[in-house]
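Residue numbers (the working numbering), protein chains in the order written: chain W, 3 to 118; chain F, 17 to 133.
Glycine included, every Cβ here is placed at the ideal spot set by N, Cα and C.
The structure presented is a predicted model; accordingly, all values stated were derived computationally and were not measured.
Working notes, structure below.
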C-alpha cells in the first residue's frame, strides 16, 4: 500500500526556536496533504490543508504565521512551527491524498514535539 | 459542516469476544465516506475499514465489519474475536466526497478499547 513518511518522529527543542517537520509520500503523488494536531488523550484536529504549488488553507483559530506550511512538490509537504513555545508541544501528524476517491487516506507516523 | 460522535470514551472486552464501537455522524453532503482508524500507543494511525455512503453492502475487512445504517446515520465498528493486540484508541472519521479539492477527515473523539485476557 501507499506509504507516507514523516520526519522527525520526535523532537525536543528550546522555547523560541523553530522546528520543521517533513511529510513525504514515498510511492505516489500527493496532490493534497493535511496536517493534524493531537493533544494527549484527545482527537485529531485539522490544522491546515496544503495543495501542491499553492498556499495552504488554514482552519479557523490556527495561526498561519505560527505554523508555516509548504507543499513545494507532489511528494513533500513541510510544517514549520516558528518560535515554538511549550503550549505548542503536541503530536503532529500528516496525511496525504492522491486527489482521487480511493477511500483510504494515508497517514504519516506522526511527530511528537516537546518544547522546553 | 460534518460532525462525528463517539459516545464511548472507553470499552472493555474479554479476549475472543466480539465488541461494537459506536459512531454516529451528521453531514449535509449526499456523498461521503466513513472510516475507522486504530491508534496504538505509538501514535500511528492504522486504517481499518471504509464505507462509502452509496455502498449497498456493509464493509468487512477480516475481523472488522462496519454496521452502516444510513437512515440512522450510524457507522458502528464490530471487532470479532478480540485479541490482546486490539487494545488501542479507535477513531471514527468521515470526509465529503463532493469537493475534490478538500478531502480532510473529520474525526470523532475516539474510544479506548482494552482487551482483557
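| Any idea what DSSP makes of residue 65 of chain W, helix, strand or coil? | Reading the first chain from its first residue, position 63 is the one you call residue 65 of chain W. Residue state, collapsed to three classes: coil.
| message | Let me see if you follow: with CB-CB separation under 9 Å, is residue 124 of chain F close to chain W or not? | response | One-based indexing of the second chain puts residue 124 of chain F at position 108. Output row for residue 124 of chain F: interface = yes.
| task | Could you list which residues in chain W have their beta carbon closer than 7 Å to that of residue 120 of chain F, in chain order? | result | Translated into the one-based positions of the second chain, residue 120 of chain F becomes position 104. What residue 120 of chain F touches in chain W: 36, 48 and 51.
| field | Straight-line Cα distance separating residue 37 of chain F from residue 58 of chain W | value | Counted from its first residue, the first chain places residue 58 of chain W at position 56. Counted from its first residue, the second chain places residue 37 of chain F at position 21. Cα to Cα, the separation comes out at about 34 Å.
| Do residue 35 of chain F and residue 125 of chain F come within 9 Å of each other at the CB atom, strictly closer than that value? | For the purposes of this step, residue 125 of chain F is taken as residue 109 along the second chain, with counting starting at 1. For the purposes of this step, residue 35 of chain F is taken as residue 19 along the second chain, with counting starting at 1. Not closer than 9 Å, so no.
| field | For residue 100 of chain F, the three-state DSSP class (helix, strand or coil) | value | Taking the first residue of the second chain as position 1, residue 100 of chain F is located at position 84. Three-state result, residue 100 of chain F: helix.
| Would you report the Cα separation of residue 62 of chain W and residue 100 of chain F, rounded to the nearest angstrom? | Translated into the one-based positions of the first chain, residue 62 of chain W becomes position 60. Translated into the one-based positions of the second chain, residue 100 of chain F becomes position 84. Looking at the two C-alpha atoms, the distance is approximately 39 Å.
| Got a sec: is the Cβ-Cβ distance from residue 111 of chain F to anything in chain W below 9 Å? | Counted from its first residue, the second chain places residue 111 of chain F at position 95. Yes, residue 111 of chain F counts as interfacial toward chain W.
| message | As a quick exercise: from F/78, F/108 and F/55, pick the residue whose alpha carbon is nearest that of residue 39 of chain F. | response | The sequence position of residue 39 of chain F within the second chain is 23, counting from 1. The candidate whose alpha carbon is nearest that of residue 39 of chain F is F/108.
| Contact set between residue 95 of chain W and chain F, taken where Cβ atoms lie within less than 9 Å | Against the first chain, residue 95 of chain W aligns to sequence position 93. Result: 59, 60 and 61.
| query | Which residues mark the beginning and the end of the beta strand (DSSP E) in which residue 54 of chain W is found? | reply | Reading the first chain from its first residue, position 52 is the one you call residue 54 of chain W. Counting along the chain, residue 54 of chain W falls outside any beta strand (DSSP E), and DSSP gives it neither H nor E.
| field | Residue nearest to residue 85 of chain W in terms of C-alpha spacing, selected from W/117, W/96 and W/56 | value | Mapped onto the first chain, residue 85 of chain W falls at position 83. Here the closest residue by C-alpha is W/117.
| query | In this structure, does DSSP put residue 90 of chain W in helix, strand or coil? | reply | Residue mapping note: residue 90 of chain W aligns to position 88 of the first chain, counting from 1. DSSP places residue 90 of chain W in helix when its eight states are reduced to three.
| residue 76 of chain F: buried (16+ other C-beta within 10 angstroms of its C-beta) or exposed? | By 1-based counting over the second chain, the position of residue 76 of chain F is 60. The residue is exposed, with fewer than 16 neighbouring Cβ atoms inside 10 Å.
| field | Under 7 Å from the C-beta of residue 78 of chain W: neighbouring residues of chain F | value | For this step, residue 78 of chain W is matched to residue 76 along the first chain. Per Cβ cutoff of 7 Å: no residues; residue 78 of chain W is ~19 Å from chain F at best.
| task | Classify residue 8 of chain W as buried or exposed, calling it buried when 16 or more other Cβ atoms lie within 10 Å of its own Cβ. | result | The residue labelled residue 8 of chain W in the question sits at position 6 within the first chain. Buried is the call here.
| task | Could you check if residue 102 of chain F is buried or exposed, using at least 16 other CB atoms within 10 Å of its CB as the buried criterion? | result | Along the second chain, read from residue 1 onward, the residue named residue 102 of chain F stands at position 86. By the neighbour-count rule (16 or more Cβ atoms within 10 Å), residue 102 of chain F is buried.
| task | Return yes when the Cβ of residue 68 of chain F is within less than 9 Å of the Cβ of residue 93 of chain F, no when it is not. | result | As a working mapping, residue 93 of chain F is identified with position 77 in the second chain. As a working mapping, residue 68 of chain F is identified with position 52 in the second chain. Cβ distance not < 9 Å, so residue 93 of chain F and residue 68 of chain F don't count as in contact.
| query | Who pairs with residue 5 of chain W in a beta bridge, going by DSSP? | reply | In the first chain, residue 5 of chain W corresponds to position 3, counting from 1. For residue 5 of chain W, no pairing in a beta bridge is given by DSSP.
| request: Compare the C-alpha of residue 47 of chain F against each of F/112, F/127, F/88 and F/81 and name the closest. | output: The residue labelled residue 47 of chain F in the question sits at position 31 within the second chain. Of the listed residues, the one whose Cα sits closest to residue 47 of chain F is F/112.
| task | Assign residue 49 of chain F to one of three DSSP states: helix, strand, or coil. | result | The residue you call residue 49 of chain F lines up with position 33 of the second chain. The answer is strand: DSSP assigns residue 49 of chain F an E or B state.
| Bridge partner(s) assigned by DSSP for residue 114 of chain F | On the second chain, residue 114 of chain F is found 98 positions in, with the first residue counted as 1. By DSSP's assignment, residue 114 of chain F forms no beta bridge with any residue.
| message | Taking only three categories from DSSP, how would you classify residue 30 of chain W? | response | By 1-based counting over the first chain, the position of residue 30 of chain W is 28. Here residue 30 of chain W sits in coil by DSSP.
| field | Alpha-carbon spacing of residue 78 of chain F relative to residue 33 of chain F, whole angstroms | value | In the second chain, the residue the question calls residue 78 of chain F occupies position 62. In the second chain, the residue the question calls residue 33 of chain F occupies position 17. In a straight line, the C-alpha of residue 78 of chain F is about 15 Å away from that of residue 33 of chain F.
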